[in-house]
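Protein chains: 4
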Amino acid sequence: MNALNTLGKNLRLTSYGESHGEVIGAVLDGFPAGFELDKDFIQTQLSRRKPGQSSLSTPRKEDDEVIINSGVFEGKTTGAPIHFQIKNNNAKPKDYSHLKDVYRPSHADYSYEARYGTRDYRGGGRSSARVTSGWVAGGALVQDYLLKKKAIQFGAYIKQIGLIKLKSEPKFYSQGEVDAEIVRCPNKEIASQMIAAIEQAKAEKDSLGGIIECVITGVPAGIGNPVFDKLSAALGHAMLSVNAVKGFELGGGFEMSGKRGSEVNDEFELVDGKPQTKSNNSGGIQGGISNGMDIVFRVAFKPTATIGVAQDTVNTSGKEVKLEATGRHDPCVVPRAVPIVEAMAALVVGDFFV
Amino acid sequence: MNALNTLGKNLRLTSYGESHGEVIGAVLDGFPAGFELDKDFIQTQLSRRKPGQSSLSTPRKEDDEVIINSGVFEGKTTGAPIHFQIKNNNAKPKDYSHLKDVYRPSHADYSYEARYGTRDYRGGGRSSARVTSGWVAGGALVQDYLLKKKAIQFGAYIKQIGLIKLKSEPKFYSQGEVDAEIVRCPNKEIASQMIAAIEQAKAEKDSLGGIIECVITGVPAGIGNPVFDKLSAALGHAMLSVNAVKGFELGGGFEMSGKRGSEVNDEFELVDGKPQTKSNNSGGIQGGISNGMDIVFRVAFKPTATIGVAQDTVNTSGKEVKLEATGRHDPCVVPRAVPIVEAMAALVVGDFFV
Amino acid sequence: MNALNTLGKNLRLTSYGESHGEVIGAVLDGFPAGFELDKDFIQTQLSRRKPGQSSLSTPRKEDDEVIINSGVFEGKTTGAPIHFQIKNNNAKPKDYSHLKDVYRPSHADYSYEARYGTRDYRGGGRSSARVTSGWVAGGALVQDYLLKKKAIQFGAYIKQIGLIKLKSEPKFYSQGEVDAEIVRCPNKEIASQMIAAIEQAKAEKDSLGGIIECVITGVPAGIGNPVFDKLSAALGHAMLSVNAVKGFELGGGFEMSGKRGSEVNDEFELVDGKPQTKSNNSGGIQGGISNGMDIVFRVAFKPTATIGVAQDTVNTSGKEVKLEATGRHDPCVVPRAVPIVEAMAALVVGDFFV
Amino acid sequence: MNALNTLGKNLRLTSYGESHGEVIGAVLDGFPAGFELDKDFIQTQLSRRKPGQSSLSTPRKEDDEVIINSGVFEGKTTGAPIHFQIKNNNAKPKDYSHLKDVYRPSHADYSYEARYGTRDYRGGGRSSARVTSGWVAGGALVQDYLLKKKAIQFGAYIKQIGLIKLKSEPKFYSQGEVDAEIVRCPNKEIASQMIAAIEQAKAEKDSLGGIIECVITGVPAGIGNPVFDKLSAALGHAMLSVNAVKGFELGGGFEMSGKRGSEVNDEFELVDGKPQTKSNNSGGIQGGISNGMDIVFRVAFKPTATIGVAQDTVNTSGKEVKLEATGRHDPCVVPRAVPIVEAMAALVVGDFFV
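Below, the structure written as structure tokens:
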């Protein structure tokens, strides 16, 4: 039932704010009453997303401290909408004045201007990934709720950066395991290679893309509403709403298109008297409804559009120009997107539990 | 704004019906008044989807003749909801009684039963791809409208069947070009290999998956509503609603995750004084909004779950059993899904034009 | 979450059809699985709404037999959308050709033409109350569900016809009590006066309006979602969707605007240890949420717009003309609207219980 | 498409905040880009709503200065969601501690507790009319837009306070005419009587209800989406969302239920070659669609529930108690509700123009 800047049907997140405006915010509506607010967990997820957290990310410094000023009374949620607000402290709008009149390649400058006839050029304005801080705040509360009330956990991690791939089978990793390396790949050796690849791209004023894998454990069988509110479609919608995402696949995904039914069908067996599948090429969803196995999906991020390398482009006066972007940006946004993927997944799953 | 069995926000398709019920239907709401109904085009798209159309598809025979009995007056739409109905003539529910008590691997039997506590086992019931006939009927009307009123065209074709791939760049192909081969791949040689692969799988009572690529031409720049009603997310949602779909990617997609910004950024140039991109790795969408280039996406279908090869599974009495599916089914559904992909894409794009 | 031709958020009714088209229909989505279909009850409600049922209604004869052909398997609902269809057997479109070019006063002819640029003039087309037969079918199923599963009952009856008023306090009357008189007022004497008033209006080729009161018993405290999905607002929305309705009030309603707080506040007392209110001027809803008392509301219907008395009007060629409507119509629609009010109320209340 | 705390389909207002929390806020989504923000007009409407504005209202003092910190760039809207925030400066939560354990008659205390299992008792929390300040902020922007871009004007005024009625025909009055008297009735003599009635009720620690009439001029024919998104139903939904509202009627309303068709049908005539109606008992809406005449509706407010007179009630420990409310409240909220009615009407009408 996603519409404009609201995601979700019964649990609904409404997002507002711009990269270099005063604030980023979100209103979470439909959240159950009586849940004890754990602001620390929300702040942790925001810190995993925030800029300047490691040598791999943009030098923009933001505390990203969240203010929660409605929907909570005496430390517990009341059932009223919950408002999250994050200040933009380190906004430097002037850094972006050189972009006022130019369309950055593979950025949203041109399409926003075509859509709205105007554009807030300061750091991408509304099209910036900075607005996802509000999503992470709201989603983190839902993650916490689903963990404590439903024993559902969200574990996202880096599967691929550039051409460096984590080849092991999908598996739930704890936050500690994922965050052991700044690149958020739960394999020390692969992680080192990924870090090196990002640093090299950065040194060359270039950028890299990557893939995040997410494993959700504890979702019981029977979640999802076919035919147009399938759990898979809702997850896909949420992930394709994240900045720089260009692909989404579930379980065996694209690779499964090259296989035969007999190779990839998930045969059932009884485990402790309950039907389970021997393999999980379905990614935990069959016919749009969860089947009780881990939910497994991958999200493809393109390389950061903003690069220092000179590029051809066009300006608003209709002239062809060269652009060498300055301003602050990430050589690879994917490690910072791990908590975003978790938050969005939690919002989607949570919608079926309120 | 998709909800339960309704897709879309301003142009809304509500779907009903089951595989072996009496009818399949759909109500299309929000369609503009005064448009002359071209029932032939709708029937053509239904015929491209219908079973029994070639040696590659299930032997189930259905005319799939559409009845349109509301929302049209004196040959033109009135602005009232349009009701499409297709009879299930060749339903043979008894063919399926052997499946009443067993969960077919990688099918929706188990998850539906977990969700609803009951299940219409006749040919998959509501989870069957047969229900997409209603989607195709409604979507085809929208396709026709967008072509005649907005010069927007939808061209889907087979990109991959099993491991046989069409390697050429994405491009709009006419229906004639696509349908020249029964497998709907617009390259005679590749098509022959695909057909051979399907026939071999069929001979071995097995099934194959594949990938459909869709190119939409004529969408002007400026279509899409960030942040949660992005054109890309809406397309992804619609495609992930289609039966057997396990992945969706836009433009450069997953492959782009392995690249650098300098390799895949779409530089702008002026063509006839208008900004265009030299490459189209963005797939025509930037920041969730169309940029005026062709919209390009791919949809990954897993192999048909129903196969004749013996498989392990579990029955409703909690026993492990062997299953060799009989009943009628397609060794590869992907060629028949071409008009479904077009219809769903038309419903999504049309939503922004009513 | 009502949109276009769909009412409801989680339990959603999508309506289609025109007065003199082939069919009227509705799709009910979100209805729980496993409920045994009682087609007789649905048919009863349809018969209470159908034309030609008594001397007070239009002579148009319709059986209004409902076909239910999806969402039900082996006599029980499956959780899939349920499709209701009613044939228009006695459509006489030719009766209406004299209205093709003229705007009937206080009818929807002119506004529909302004909205859609076209109009199905046959008996009002989409704007006819005939389309409510689909609403009654869907709503009746929900009524039956709420009675059997939640002990919630809907009792609507005539409160006023023209200037004849039933002055007793709101109270739940059984269907038998309400239907004892053809005018559906549960007081024999007042009913006779109402019937006489309608017959006199009919004799004078004129029409009468009236008021329906509805009492819902058994709704527990705590139903409703402030601030924009209040139970009261949802009921108002549904009632104001019914043809010819011009007003809605809850509990003490408009009269309460002339009173003081000390006169109309509903004081609490304990009854069997549970808080109840001594009076029920709130109509069972406080702050948009039910308080456990009977829900009481009234719906104001204007007199039937179509009358035989000569009226001034304008035609589509921009000429002023005289109109003396022929065709079949009710001198007073209100008695037939009783099951419509119940159906709509059931759809609204049911939305909070699925 | 109203859902939970969001009103509207294409133009959507999401509300948050509580009476004695830190802030009240709203996010307005879907508002067109490029509109110059007139903060003064918004502030004017907020001042018309704010407490302490005259001797008739609660002594609570709030500046109600609005902060707008997203969706606006260089003084103009950008198409991004617009965030409005109003601080609660004069919150005195302690004033309300005596209400913590008691259910105020005809207030939302008991029903909120039944709904959420908890309750923010400080001044009504989320159920307080204070949250409408966010609605007025968002609605005022839409009012300004509709005036400047579509020449549509909203004129609400007091029709009745207690038993004192303004008996003249509905008519558009300017804000100056309405605000000439603090009670907002555009008739000096009637206004004096109304003021006297309120002051008398206040002196007796009691409260009064009233009726607001609203006239919308300039809405062209053809606005509204039957059958479930009728302009009339959308207006009714919005008005019944306002605190203390117990009734809504359009044009001739309830009174028309006592009339004959020949008395109240709106005959068409040609005025400057365009069809108009001679009377306007339809209130500008026929079949749910505007007909180009003034839109006229009335909203019934019950008397303020909070009164100083002693009342019987029940506390949360299940004891019957006496309550004499202290704390700050209005003897009659209706004059302050004038800008709320205008704002809500603007949000509804605006939804059809974006």
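Chains A, B, C and D are the protein sequences, given in the same order.
The opening residue of the first sequence carries number 0 in numbering that gives the first Met the number 0; numbering runs sequentially from there.
The opening residue of the second sequence carries number 0 in numbering that gives the first Met the number 0; numbering runs sequentially from there.
The opening residue of the third sequence carries number 0 in numbering that gives the first Met the number 0; numbering runs sequentially from there.
The opening residue of the fourth sequence carries number 0 in numbering that gives the first Met the number 0; numbering runs sequentially from there.
Ideal placement from N, C-alpha and C gives every residue a C-beta, glycine not left out.
Anticipated Cβ contact below 8 Å, residue i with residue j, distance rounded
{"i": "P338 (chain B)", "j": "V135 (chain B)", "result": "5 Å"}
{"i": "A232 (chain A)", "j": "G287 (chain A)", "result": "7 Å"}
{"i": "L140 (chain B)", "j": "F30 (chain B)", "result": "7 Å"}
{"i": "G133 (chain A)", "j": "G16 (chain A)", "result": "6 Å"}
{"i": "A113 (chain C)", "j": "D228 (chain D)", "result": "So it is not a contact: roughly 16 Å between Cβ atoms."}
{"i": "P334 (chain B)", "j": "L55 (chain B)", "result": "6 Å"}
Spatial distance of residue i from residue j (CA atoms)
{"i": "G78 (chain A)", "j": "N224 (chain C)", "result": "9 Å"}
{"i": "I284 (chain A)", "j": "I210 (chain B)", "result": "19 Å"}
{"i": "V130 (chain D)", "j": "V130 (chain A)", "result": "25 Å"}
{"i": "V332 (chain A)", "j": "G208 (chain A)", "result": "8 Å"}
{"i": "A195 (chain A)", "j": "S18 (chain B)", "result": "54 Å"}
{"i": "D271 (chain D)", "j": "N290 (chain D)", "result": "16 Å"}
{"i": "E323 (chain D)", "j": "M292 (chain D)", "result": "48 Å"}
{"i": "A190 (chain D)", "j": "H106 (chain D)", "result": "28 Å"}
{"i": "F40 (chain C)", "j": "V226 (chain B)", "result": "46 Å"}
{"i": "R59 (chain D)", "j": "D329 (chain D)", "result": "9 Å"}
Other residues of its chain near residue i: CB distance less than 7 Å, five sequence neighbours each side excluded
{"i": "V244 (chain A)", "result": "M238, V298, A299 and F300"}
{"i": "G33 (chain A)", "result": "K75 and T76"}
{"i": "M193 (chain D)", "result": "I157, I160, I163, V182 and C184"}
{"i": "D311 (chain D)", "result": "E319 and K321"}
Beta-carbon neighbours of residue i, restricted to chain B and to distances below 9 Å
{"i": "F300 (chain A)", "result": "M255 and S256"}
Contact set between residue i and chain A, taken where Cβ atoms lie within less than 9 Å
{"i": "T303 (chain B)", "result": "G260"}
{"i": "E17 (chain D)", "result": "S69, G70, F72, T77 and A79"}
{"i": "V11 (chain D)", "result": "Per the sequence shown, the amino acid found at residue 11 (chain D) is Arg instead of Val. Within chain A, the residues near R11 (chain D) are A2, L3, N4, T5 and T13."}
Closer than 8 Å at the beta carbon, the chain C residues around residue i
{"i": "G217 (chain B)", "result": "Here the premise fails: no neighbours, minimum Cβ distance about 25 Å."}
{"i": "N89 (chain B)", "result": "Under the 8 Å cutoff, chain C gives no residues; its nearest Cβ is about 16 Å from N89 (chain B)."}
Neighbourhood of residue i by C-beta, 8 Å cutoff - its chain only, sequence neighbours within 5 removed
{"i": "G251 (chain A)", "result": "K258, V263, N280, S281 and G282"}
{"i": "F267 (chain B)", "result": "P274, Q275, T276 and K277"}
{"i": "L346 (chain A)", "result": "L6, G7, L10, L12, W134, G137, G138, V141 and A237"}
{"i": "V308 (chain B)", "result": "E203, K204, D205 and E323"}
Proximal chain B residues relative to residue i, where beta-carbon distance stays under 7 Å
{"i": "P104 (chain A)", "result": "N264, D265, E266 and F267"}
{"i": "L162 (chain A)", "result": "G257"}
{"i": "P225 (chain A)", "result": "R125 and S126"}
{"i": "H236 (chain A)", "result": "A232, G235 and H236"}
Residues of its chain near residue i, where Cβ-Cβ distance is below 6 Å and the 5 sequence neighbours each way are ignored
{"i": "G123 (chain D)", "result": "S18"}
{"i": "K86 (chain B)", "result": "V22"}
{"i": "Q44 (chain A)", "result": "V135, A139 and P338"}
Chain-ordered neighbours of residue i on chain A, where CB pairs are closer than 8 Å
{"i": "H82 (chain D)", "result": "Y15, G16, V22 and G24"}
Contact set between residue i and chain B, taken where Cβ atoms lie within less than 8 Å
{"i": "T5 (chain A)", "result": "F227"}
Using a Cβ cut-off of 7 Å, which residues of the stretch 20-31 of chain B contact any Cβ in chain C, in chain order?
G20, E21, V22, G24, V26, D28 and G29
Chain C contacts from the stretch 238-251 of chain D (Cβ-Cβ distance under 7 Å):
L239, S240, K245, G246, F247, E248, L249, G250 and G251
Just by C-beta distance, which residues in the stretch 105-127 of chain A are closer than 7 Å to chain B?
S105, H106, A107, Y109, S110, Y111, A113, R114, R125 and S126
Going along the chain, which residues of the stretch 308-324 of chain A sit with their C-beta nearer than 7 Å to a C-beta in chain B?
V308, Q310, D311, T312, V313, G317 and E319
What residues from the stretch 50-76 of chain C come within 9 Å of chain B, judged by C-beta to C-beta, listed N to C?
I66, N68, S69, G70, V71, F72, E73, K75 and T76
Short-range partners of chain C found in the stretch 168-194 of chain D, where Cβ spacing is below 8 Å:
none
Chain B contacts made by the stretch 195-208 of chain A, where a contact means CB separation under 7 Å
A200, D205, S206, L207 and G208
Selection of the stretch 141-165 of chain A by Cβ proximity to chain B, strictly under 8 Å
Q159, G161 and L162
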